[in-house]
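Position one of the sequence shown corresponds to residue 382 (our numbering), numbered consecutively onward. Working notes, structure below.
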Amino acid sequence: MGPIIYVLLGLIGGLGGGLVIGRIIKAKKEALESEEAKREAEIILGNAQREAAKIRQDGEIAAREEKMKVLASVEKETEQLQKELSLKEKKFRSQEDLLNKKKDMLAGKEIDISKREAGIERTERTLLERKRSLDKKILEVQQTIERKAALSRDEAKKELIESITDEAKRKAALSVREIEEEAKEEAETRAKRVIGIAIQRYAGEHIQERAVSVIHLPNDELKGRIIGREGRNIRALEAATGIDLIVDDTPETVVISGFDPVRREVARLSLERLIQDGRIHPSRIEEIVSKARNDVNKAVKDAGEQAILELGLARVHPEIVKMLGRLKFRYSYAQNVLRHSVECGFIAGMMAAELGLNQRKARRAGLLHDIGKAMTHEIEGSHAVIGAQFAKKHKEEPLIVNAIASHHEDEAAGSVIAHLVAAADALSGARPGARREMLESYVKRLESLENICKSFEGVNESYAIQAGREVRVLVQNETISDNDAVMLSKDIAARIESELTYPGQIQVTVIRETRAVATAK
Numbered sequence: 382m383g384p385i386i387y388v389l390l391g392l393i394g395g396l397g398g399g400l401v402i403g404r405i406i407k408a409k410k411e412a413l414e415s416e417e418a419k420r421e422a423e424i425i426l427g428n429a430q431r432e433a434a435k436i437r438q439d440g441e442i443a444a445r446e447e448k449m450k451v452l453a454s455v456e457k458e459t460e461q462l463q464k465e466l467s468l469k470e471k472k473f474r475s476q477e478d479l480l481n482k483k484k485d486m487l488a489g490k491e492i493d494i495s496k497r498e499a500g501i502e503r504t505e506r507t508l509l510e511r512k513r514s515l516d517k518k519i520l521e522v523q524q525t526i527e528r529k530a531a532l533s534r535d536e537a538k539k540e541l542i543e544s545i546t547d548e549a550k551r552k553a554a555l556s557v558r559e560i561e562e563e564a565k566e567e568a569e570t571r572a573k574r575v576i577g578i579a580i581q582r583y584a585g586e587h588i589q590e591r592a593v594s595v596i597h598l599p600n601d602e603l604k605g606r607i608i609g610r611e612g613r614n615i616r617a618l619e620a621a622t623g624i625d626l627i628v629d630d631t632p633e634t635v636v637i638s639g640f641d642p643v644r645r646e647v648a649r650l651s652l653e654r655l656i657q658d659g660r661i662h663p664s665r666i667e668e669i670v671s672k673a674r675n676d677v678n679k680a681v682k683d684a685g686e687q688a689i690l691e692l693g694l695a696r697v698h699p700e701i702v703k704m705l706g707r708l709k710f711r712y713s714y715a716q717n718v719l720r721h722s723v724e725c726g727f728i729a730g731m732m733a734a735e736l737g738l739n740q741r742k743a744r745r746a747g748l749l750h751d752i753g754k755a756m757t758h759e760i761e762g763s764h765a766v767i768g769a770q771f772a773k774k775h776k777e778e779p780l781i782v783n784a785i786a787s788h789h790e791d792e793a794a795g796s797v798i799a800h801l802v803a804a805a806d807a808l809s810g811a812r813p814g815a816r817r818e819m820l821e822s823y824v825k826r827l828e829s830l831e832n833i834c835k836s837f838e839g840v841n842e843s844y845a846i847q848a849g850r851e852v853r854v855l856v857q858n859e860t861i862s863d864n865d866a867v868m869l870s871k872d873i874a875a876r877i878e879s880e881l882t883y884p885g886q887i888q889v890t891v892i893r894e895t896r897a898v899a900t901a902k
């Protein structure tokens, strides 16, 4: 029993320990399972979080892509709307321009209508006045008939003829007066044109040629001889005469340029004689220039003495004679100053004779009034003042000196002869054919011609060419048609005829061009 009990006890004890051990094992197993579940849960949670992050990232990317698509679509729609808006704005502007043009046309038509209405009103008033006048005349005729009913047939016939004759004379007088006024206006217009043509035909040289002299050579080989080796001949000639010698590409021509007319004449004579002689070198040049200067001085003196002789003057200082002769080579607006002075002397003398004044003094003052022009390139100041000082220096009497100084109002006139000299100077310079048209008035006439052309609608530019004998007008191709160009040329020509005074004729050329442009790539 004892061993069995011990065995049973041992078995019971073993069972109890096994239960404990089993519980411990179970507890450990459950603990292990819990940790594994936690790890799995953490793994699952991590995966879920990563999946959620990926989904969120994918969503953000998709949202950004969608946002970009939407923005692109909006930008495209905005650009399209802007294009449509721009087109509508251009169309609106063109319509606005068209409306403005129509408005201007309507305004012009309203002005024309108002002018026509005013004309109609004037016509109505005129007709009403005529009707009243006719009614009055009818009444007078009726009264006359009633009054003369008792007259005989011959008496009535005679009185009727007299009344008709008086009325005819009155109407004829009115017609003659109108015809005379029209003839005067037309004659004045034609006279201006004839005078302008005469002035243009009379002036044989341009003003530019008064400061230069042109020498024509037999051949171009002489140009090299005139210039000389290394230019020594031309330098010697310029140094001896004090002028500029221009040898350019113009065939068989040499130009002598200088403001002193006497020096220019010396150079001209010298060069012509050198060409004839054929020997052109510095020593020969000096010899020829010296002889030419003596000849010119003699010609100057002879010209002064001839002018004094023409006017019948006496006892003139030799220096005045010499200075007067220098005016032979001086020109003012293409008029020779010496001939102008002689002419002034004659005119002043004739006016003095009509007024009972001293003719010789008037002629002397008229001849010497422009003597200062022979020195204006040497001395500063007005030629009237310079001439008066020169005359006073050489013992001319105060009356002559005052007449010289006052003919351009640089000094107050102190005598009637001074006024006569000023009048003679104006008459000699202003007579038809005396002087060429001044450069300033010529330029102003061309500017007026171009401005008249530019005042017409549709004209881009206008250019006066051929010294104002032709004007070329460039018009807008889209505004002026071919038929409009023809009418425009006639309108411009009519406007020029009515507003400008000019010699000869002016041709109006309207140019309308069409341009086609292409680009080769």
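We treat Cβ as the ideally placed atom computed from N, Cα and C, and that holds for glycine.
- Shown here, D493 sits in a helix according to DSSP, grouped into three states.
- With fewer than 16 other beta carbons inside 10 angstroms of its own, Q476 counts as exposed.
- In this model, E686 and R744 are separated by some 15 Å (Cα to Cα).
- Between S651 and A620, the C-beta gap is not smaller than 9 Å, which leaves the two residues out of contact.
- In this structure, N783 lies away from A804, with their beta-carbon atoms at least 9 Å apart.
- Using a 10 angstroms sphere on the CB of K709, the tally of other CB atoms reaches 16 or more, which defines it as buried.
- DSSP, reduced to helix, strand and coil, places H789 outside both helices and strands of the structure shown, so it counts as coil.
- In the three-state reduction of the DSSP assignment, L738 falls in the coil class, being assigned neither a helical nor a strand state.
- Taking C-beta atoms as the reference points, I861 and R853 fail to come closer than 9 Å.
- Note on geometry: alpha-carbon atoms of I728 and L748 lie some 10 Å from one another.
- Note on geometry: alpha-carbon atoms of V697 and A688 lie some 11 Å from one another.
- Judged by DSSP secondary structure, L855 falls outside any alpha helix (DSSP H) and instead within the beta strand (DSSP E) spanning 851-856.
- Secondary structure of A684 (DSSP, three-state): helix.
- Within the same chain, and ignoring the five residues on either side of V647 in sequence, the residues whose Cβ sits closer than 6 Å to its Cβ are T622, A673, R674, V677.
- The alpha-carbon separation between R606 and R644 amounts to approximately 22 Å.
- According to the DSSP secondary-structure assignment, V889 is paired through a beta bridge with V852.
- C-alpha of V718 to C-alpha of D625: approximately 24 Å in a straight line.
- Using a 10 angstroms sphere on the CB of R707, the tally of other CB atoms reaches 16 or more, which defines it as buried.
- Nearest to L692 by alpha-carbon distance, out of E724, K679, A794, V451, is E724.
- Nearest neighbour of I615 by Cα position, chosen from R665, E567, L468, turns out to be R665.
- Here T570 carries a helix assignment [DSSP, helix/strand/coil].
- For E880, the uninterrupted alpha helix (DSSP H) segment begins and ends at 863-880.
- DSSP places I624 in no beta strand (DSSP E); its state is neither H nor E.
- Burial state of D751 is buried, judged by a 10 Å Cβ sphere holding 16 or more other Cβ atoms.
- Beyond the five residues adjoining it in sequence on each side, S829 comes within less than 7 Å, by CB distance, of L881 in the same chain, given in chain order.
- Residue range 634-638 is occupied by the beta strand (DSSP E) that includes V636.
- In this structure, T895 lies near N858, with their beta-carbon atoms less than 9 Å apart.
- When secondary structure is reduced to three states using DSSP, I846 falls in the strand class.
- When DSSP states are grouped into helix, strand and coil, V718 belongs to the helix group.
- Look at I596 here: in three-state DSSP terms it is strand.
- Between the beta-carbon of S594 and that of I637 there is about 4 Å, and that keeps the pair under the 8 Å contact cut.
- Looking from the CA of V681, the closest CA among L694, V702, A695, I669 belongs to V702.
- In the structure shown, V702 falls within a helical segment according to DSSP collapsed to helix, strand and coil.
- Residue pairing from DSSP places Y712 in a beta bridge opposite N717.
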